[in-house]
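Going by the numbering used here, the sequence shown opens with residue 4, and the numbers climb by one from there.
Glycine included, every Cβ here is placed at the ideal spot set by N, Cα and C.
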Amino acid sequence: EKGSDGITIDNQGNIYLSGNGVTVFNPEGKQIEHIDIPEKWTANLCFGGKNRDLLFITASQTIYTLQMKVKGVE
Numbered sequence: 004e005k006g007s008d009g010i011t012i013d014n015q016g017n018i019y020l021s022g023n024g025v026t027v028f029n030p031e032g033k034q035i036e037h038i039d040i041p042e043k044w045t046a047n048l049c050f051g052g053k054n055r056d057l058l059f060i061t062a063s064q065t066i067y068t069l070q071m072k073v074k075g076v077e
């Protein structure tokens, strides 16, 4: 299943799209990562936490939190 639902960006200019897991694209538009989530659909995502280095992902039944090496854009 293709498509996306939510979007966020990190302080390196990478774009994160939710939908079928989380797909990450660099500023040039090249896919650089895919984060699998153990549910069929991810609805939205955002950076948060004290240092903006936690990625919160909402899915069909659960909210997932991932510690990231990058921070969300200010």
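For the stretch 9-54, which segments carrying the beta strand (DSSP E) assignment without a break, of at least 3 residues, lie completely within its bounds, in sequence order? 18-22, 24-28, 34-38 and 45-51
Looking at M71 and L48, is the spacing between their C-beta atoms short of 8 Å? Counting from 1 along the sequence shown, the entry for residue 48 is found at position 45. Counting from 1 along the sequence shown, the entry for residue 71 is found at position 68. Going by C-beta atoms, L48 is not nearer than 8 Å to M71.
For H37, collect the residues of the same chain with a Cβ closer than 8 Å to its Cβ; drop the 5 residues on either side in sequence, then sort them by chain order. Position 34 of the sequence shown holds residue 37. Contacts found: G24, V25, T26 and V27.
Can you check whether the CB of K74 is closer than 8 Å to the CB of N14? In the sequence shown, counting from the first residue as 1, residue 14 sits at position 11. In the sequence shown, counting from the first residue as 1, residue 74 sits at position 71. Yes, the Cβ-Cβ distance between N14 and K74 is below 8 Å.
Residue span of the beta strand (DSSP E) that contains Q70, given as start and end: The residue labelled residue 70 in the question sits at position 67 within the sequence shown. Where Q70 is concerned, the enclosing beta strand (DSSP E) stretches over I66 to Q70.
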